[in-house]
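2 protein chains.
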Amino acid sequence: MAVKKGYNNCLDTVRPVRDTLEVINGKWKLPIIISVGIGNERFTDIQDSIDGLTPKVLAKELKDLEEHQLIKRIVIDDYPVKISYKLTPYADTLNPIIFALKDWGINHKRKIFNKE
Amino acid sequence: MAVKKGYNNCLDTVRPVRDTLEVINGKWKLPIIISVGIGNERFTDIQDSIDGLTPKVLAKELKDLEEHQLIKRIVIDDYPVKISYKLTPYADTLNPIIFALKDWGINHKRKIFNKE
DNA sequence: TAAAGCACTTTCCTAAAGGAAAGCGATAGT
DNA sequence: ACTATCGCTTTCCTTTAGGAAAGTGCTTTA
Numbered sequence: 001m002a003v004k005k006g007y008n009n010c011l012d013t014v015r016p017v018r019d020t021l022e023v024i025n026g027k028w029k030l031p032i033i034i035s036v037g038i039g040n041e042r043f044t045d046i047q048d049s050i051d052g053l054t055p056k057v058l059a060k061e062l063k064d065l066e067e068h069q070l071i072k073r074i075v076i077d078d079y080p081v082k083i084s085y086k087l088t089p090y091a092d093t094l095n096p097i098i099f100a101l102k103d104w105g106i107n108h109k110r111k112i113f114n115k116e
Numbered sequence: 001m002a003v004k005k006g007y008n009n010c011l012d013t014v015r016p017v018r019d020t021l022e023v024i025n026g027k028w029k030l031p032i033i034i035s036v037g038i039g040n041e042r043f044t045d046i047q048d049s050i051d052g053l054t055p056k057v058l059a060k061e062l063k064d065l066e067e068h069q070l071i072k073r074i075v076i077d078d079y080p081v082k083i084s085y086k087l088t089p090y091a092d093t094l095n096p097i098i099f100a101l102k103d104w105g106i107n108h109k110r111k112i113f114n115k116e
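The listed protein sequences correspond, in order, to chains A and B.
Going by full-length UniProt numbering, 48 is the number at position 48 of the first sequence; the sequence numbering is gapless.
Going by full-length UniProt numbering, 68 is the number at position 68 of the second sequence; the sequence numbering is gapless.
Rendered as structure tokens:
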């Protein structure tokens, strides 16, 4: 017998949503993924492509994203040594999320601009 | 003439994504929307349906969500007065985001469980 | 009359996020 | 020799998020 409770159970949806949010939390992770995905591979290019992103924050976020296997850091060993950041194939699975967020943002701005 | 820069421009995507994240930021807003959407209308039901959610945080998030026109607070004026929370039709536009986040979370857990 | 429920608020506190600015070690260009 | 660039790190500081616990005013139920 299930436990009786007065509220509807939403954990089937809430749990996986929260699992995802733990991976892509904060202001910067998705912007960084988008920037790298669009072809920015160098530290300073990524930084310059995103308004307000400081090197300290970028370095930290890149480490987090590497741990989650969404970005790989590649050391190119000629002279001079170059560092290149690329998305992993796994990062491509985030595309539906990114497009959904993008579409909603575009629509939301339009809504605010027109009505308020 | 466009300004020359060494990096690829990603602001077309980054900006609307960030606009969206500003609305649904934090650990709790989407879980609350999911819970209300599934039929939890009372303050304590919403609270009880989401693990770890405290009344202070719930009250604050409900206010934020009202301001963004995603939830409406309805006062039902018989004796005793009842308060009911409902999603606005606008909140339904978040569904693609919620489903994308849910799917990714489910898949991510499976990935972690199987391989690491 | 006491206890419990509802919808919160208040206070206090900690941890984490994030911004500003400077610096650093290596290399490259002038 | 000097300056600039790259990929960071370090320090310092402020802001925000969020958790714990208690309480409040009202009402209902036992």
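C-beta atoms are modelled at their ideal positions from N, C-alpha and C, and glycine is treated no differently.
My output table needs one value for residue i: the three-state DSSP class, helix, strand or coil.
i: A/Leu-70; result: coil
i: B/Ile-76; result: strand
i: A/Thr-54; result: coil
i: A/Lys-115; result: helix
i: A/Ile-38; result: coil
i: B/Tyr-7; result: coil
i: B/Gly-105; result: helix
i: B/Lys-27; result: coil
i: A/Ala-2; result: Note that A/Ala-2 scores 47 on pLDDT, short of 50, meaning its location in the model is unreliable and no value can be drawn from it.
If contacts are defined as beta-carbon pairs under 8 Å, then residue i and residue j qualify, I think. What distance do you get, rounded to the angstrom?
i: A/Tyr-7; j: B/Ser-49; result: 4 Å
i: B/Leu-65; j: B/Ile-74; result: 14 Å between Cβ atoms; not a contact.
i: B/Leu-94; j: B/Val-36; result: No, B/Leu-94 and B/Val-36 are not in contact; Cβ-Cβ is about 11 Å, not under 8 Å.
i: A/Thr-20; j: B/Gly-105; result: 4 Å
Locate the beta strand (DSSP E) running through residue i, then write down its first and last residues.
i: A/Ile-83; result: 82–87
Taking C-beta pairs closer than 7 Å, name the residues in chain B that residue i reaches, listed in chain order.
i: A/Thr-100; result: Residue identity differs from the one stated: residue 100 of chain A is Ala in this sequence, not Thr. In chain order: Pro-96, Ile-97, Ala-100.
What does residue i reach in chain B if we use C-beta pairs closer than 9 Å?
i: A/Asn-8; result: Ser-35, Ile-38, Gly-39, Asn-40, Asp-45, Ser-49
i: A/Asp-92; result: Residues of chain B passing the Cβ test: none, with the nearest at roughly 11 Å.
i: A/Lys-72; result: Near A/Lys-72 there are no residues of chain B at all, since even the closest Cβ is about 16 Å away, more than 9 Å.
Anything in chain A within Cβ reach of residue i, meaning under 7 Å, just list it in chain order.
i: B/Leu-65; result: Neighbours of B/Leu-65 on chain A: none; closest Cβ ~14 Å, over 7 Å.
i: B/Lys-82; result: Under the 7 Å cutoff, chain A gives no residues; its nearest Cβ is about 14 Å from B/Lys-82.
i: B/Lys-60; result: Correct list: empty, because the minimum Cβ distance to chain A is about 18 Å.
Do residue j and residue i have their beta-carbon atoms positioned less than 8 Å apart in this structure?
i: A/Ile-33; j: A/Ala-91; result: yes
i: A/Val-17; j: B/Ile-98; result: yes
i: B/Glu-61; j: B/Lys-29; result: yes
i: B/Cys-10; j: A/Ile-38; result: yes
i: A/Pro-31; j: B/Val-14; result: yes
Quick check on the DSSP output: the alpha helix (DSSP H) that includes residue i runs from which residue to which?
i: B/Thr-13; result: 11–23
i: A/Asp-48; result: 43–49
Given that residue i touches chain B, what residues does it touch there, using C-beta distances under 8 Å?
i: A/Thr-20; result: Leu-101, Lys-102, Trp-104, Gly-105, His-108
i: A/Val-17; result: Leu-30, Pro-31, Ile-34, Ile-98, Leu-101, Lys-102, Gly-105
i: A/Val-23; result: His-108
i: A/Thr-13; result: Ile-34, Ile-38, Ile-98, Lys-102
Which residues in chain A sit within 9 Å of residue i, going by Cβ to Cβ distance?
i: B/Val-57; result: In chain order: nothing, as chain A lies at least about 14 Å away.
i: B/Thr-88; result: Neighbours of B/Thr-88 on chain A: none; closest Cβ ~12 Å, over 9 Å.
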